[in-house]
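In the working numbering, the protein residues as written are 14 to 154.
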């Protein structure tokens with residue numbers, strides 16, 4: 014069962030129990046994040062333009078554009094997913110499948126080193142306390 018931690022800098026961290034299949038979890042996560050997120054700023058016009066676009070296209074595009082190398086990782090295969098705006102919807106969530114880098118300075122998270130983790134400093138603030146944890150729980154079903 015994932016747990017949620019809010020640190021003293023206002024970041025929400027959701028730690029998973031162990032590895033998950035990214036090819037299944039990440040698209041489901043995008044769908045759950047989109048179900049909560051809303052268009053914001055200039056994203057309103059983009060959301061309006063894309064509302065007829067099939068969901069599977071939106072999800073595939075979001076996943077491929079969010080997947081980037083985790084620079085600075087000693088493990089060359091490490092990637093991260095950074096979801097900023099998806100079809101104009103403000104998301105602002107980062108997913109680290111292999112966990113934080115070994116030299117991170119988040120002392121409260123040291124006990125979770127190596128576990129998959131999501132972070133956001135705005136998602137719960139924008140969409141309600143526990144919103145990120147709920148999206149993750151639904152994506153894991």
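A virtual CB, placed ideally from N, CA and C, is assigned to each residue, including glycine. Given the structure is predicted, the values throughout are model-derived calculations rather than measurements.
DSSP state of residue i, grouped into three classes?
{"i": "residue 116", "result": "coil"}
{"i": "residue 132", "result": "strand"}
{"i": "residue 237", "result": "Because the chain here runs from 14 to 154, residue 237 falls outside it and cannot be looked at."}
{"i": "residue 141", "result": "coil"}
From the DSSP output, read off the bridge partner residues of residue i.
{"i": "residue 63", "result": "Answer by DSSP bridge pairing: none, since residue 63 is not bridged."}
{"i": "residue 33", "result": "According to DSSP, residue 33 bridges with nothing at all."}
{"i": "residue 99", "result": "102"}
{"i": "residue 93", "result": "81"}
{"i": "residue 42", "result": "DSSP, once it has assigned bridges, lists no residue as partnering residue 42."}
{"i": "residue 108", "result": "94, 131"}
{"i": "residue 27", "result": "17, 131"}
Does the Cβ of residue i have 16 or more other Cβ atoms within 10 Å, making it buried, or fewer, making it exposed?
{"i": "residue 67", "result": "exposed"}
{"i": "residue 19", "result": "exposed"}
{"i": "residue 81", "result": "exposed"}
{"i": "residue 84", "result": "exposed"}
{"i": "residue 102", "result": "buried"}
{"i": "residue 57", "result": "exposed"}
{"i": "residue 37", "result": "exposed"}
{"i": "residue 133", "result": "buried"}
{"i": "residue 148", "result": "buried"}
Can you tell me where the alpha helix (DSSP H) with residue i in it begins and where it stops?
{"i": "residue 20", "result": "Careful: residue 20 lies outside any alpha helix (DSSP H) and carries neither H nor E."}
{"i": "residue 69", "result": "68-79"}
{"i": "residue 148", "result": "144-153"}
Measure the alpha-carbon distance for residue i versus residue j and round it to whole angstroms.
{"i": "residue 157", "j": "residue 95", "result": "The requested residue 157 does not occur in the structure, where the chain is confined to residues 14 to 154."}
{"i": "residue 30", "j": "residue 45", "result": "19 angstroms"}
{"i": "residue 136", "j": "residue 16", "result": "16 angstroms"}
{"i": "residue 63", "j": "residue 32", "result": "33 angstroms"}
{"i": "residue 110", "j": "residue 27", "result": "12 angstroms"}
{"i": "residue 131", "j": "residue 145", "result": "9 angstroms"}
{"i": "residue 155", "j": "residue 52", "result": "What is shown of the chain runs 14 to 154, which leaves residue 155 out entirely."}
{"i": "residue 98", "j": "residue 104", "result": "5 angstroms"}
{"i": "residue 123", "j": "residue 117", "result": "8 angstroms"}
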